[in-house]
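Following the numbering used here, the numbering of the sequence shown begins with 1 at its first residue and continues without gaps. Report on one structure; see the data block that follows.
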Amino acid sequence: MNFQRNNRRGRSPDILPMIDVVFFLLVFFMLFTTIKTTPFGLDVELPKAVTGNPQQNTQFEITVNRDGAFYVSGKMVTGPELRAQLEQRLRSNPDLFVIVKADKQVRYEHVVNALDHVRSVGGYKLGLAVDQGS
Numbered sequence: 001m002n003f004q005r006n007n008r009r010g011r012s013p014d015i016l017p018m019i020d021v022v023f024f025l026l027v028f029f030m031l032f033t034t035i036k037t038t039p040f041g042l043d044v045e046l047p048k049a050v051t052g053n054p055q056q057n058t059q060f061e062i063t064v065n066r067d068g069a070f071y072v073s074g075k076m077v078t079g080p081e082l083r084a085q086l087e088q089r090l091r092s093n094p095d096l097f098v099i100v101k102a103d104k105q106v107r108y109e110h111v112v113n114a115l116d117h118v119r120s121v122g123g124y125k126l127g128l129a130v131d132q133g134s
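Here you go:
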């Protein structure tokens, strides 16, 4: 009888594919953690206030950028479009809380214009977004 031994001591598993996967994951997380994380990708610098209260259940947000343009859910809207979207949401929830996020460099008339649009469709719960700071 001739018995042969399998000699597998010298053979190690091939780890190059695993190194490729780990390197890919590292690059993926490095890239995606450095992406700017402003709401909806808009660059709005909120004014600071000591008395600001955090809101847990923001229902509807209007963002006003430095040029006075209105954004809802990251999409630029005109005044009539803003009123139409807000009116639709107010029909389903009359106690809707509306937050106006305006850049601190925006002209005051643009903020008042946004508030006028909200009030014109019956919104009465309003708030202005601020960064809490001292």
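We put the CB at the ideal spot given by N, CA and C, even for glycine. Note that this is a predicted model, so its numbers are computed, not measured.
Assumed close pair residue i, residue j - CB separation to whole angstroms, cut-off 8 Å
i    : j   : result
V118 : L86 : 6 Å
Boundaries of the alpha helix (DSSP H) in which residue i is found, first to last residue
i    : result
I19  : L16 to T33
V112 : Y108 to S120
Cβ pair residue i, residue j closer than 8 Å
i    : j    : result
G122 : L82  : no
G79  : R107 : no
K75  : L96  : no
Residue i classed as buried or exposed, judged by whether at least 16 other C-beta atoms fall within 10 angstroms
i    : result
F29  : exposed
V142 : Given a span of 1 to 134 for the chain in the structure shown, any question on residue 142 remains unanswerable.
T37  : At T37 the pLDDT is 49, less than 50, meaning the model places this residue with poor confidence and gives no usable figure here.
A157 : The first residue shown for the chain is 1 and the last is 134, placing residue 157 beyond what the model contains.
P39  : Per-residue confidence for P39 stands at a pLDDT of 46, beneath the threshold of 50, marking its modelled position as unreliable; the derived number appears in the next sentence. The residue in question, P39, is exposed, as its Cβ has fewer than 16 Cβ neighbours within 10 Å.
A129 : buried
Span of the beta strand (DSSP E), counted from its first residue to its last, around residue i
i    : result
G127 : K125 to L128
H69  : Checking the sequence shown, residue 69 turns out to be Ala, not His. It is not in any beta strand (DSSP E) - A69 carries neither H nor E in the DSSP assignment.
Cutoff 8 Å: residue i Cβ touching any chain C Cβ
i   : result
D67 : Given the protein chain composition of this structure (a single chain), no chain C is represented.
Practice item. Please determine if the segment 100-108 and the segment 59-71 are in contact, where contact requires at least 3 C-beta pairs separated by less than 8 Å. Key: yes
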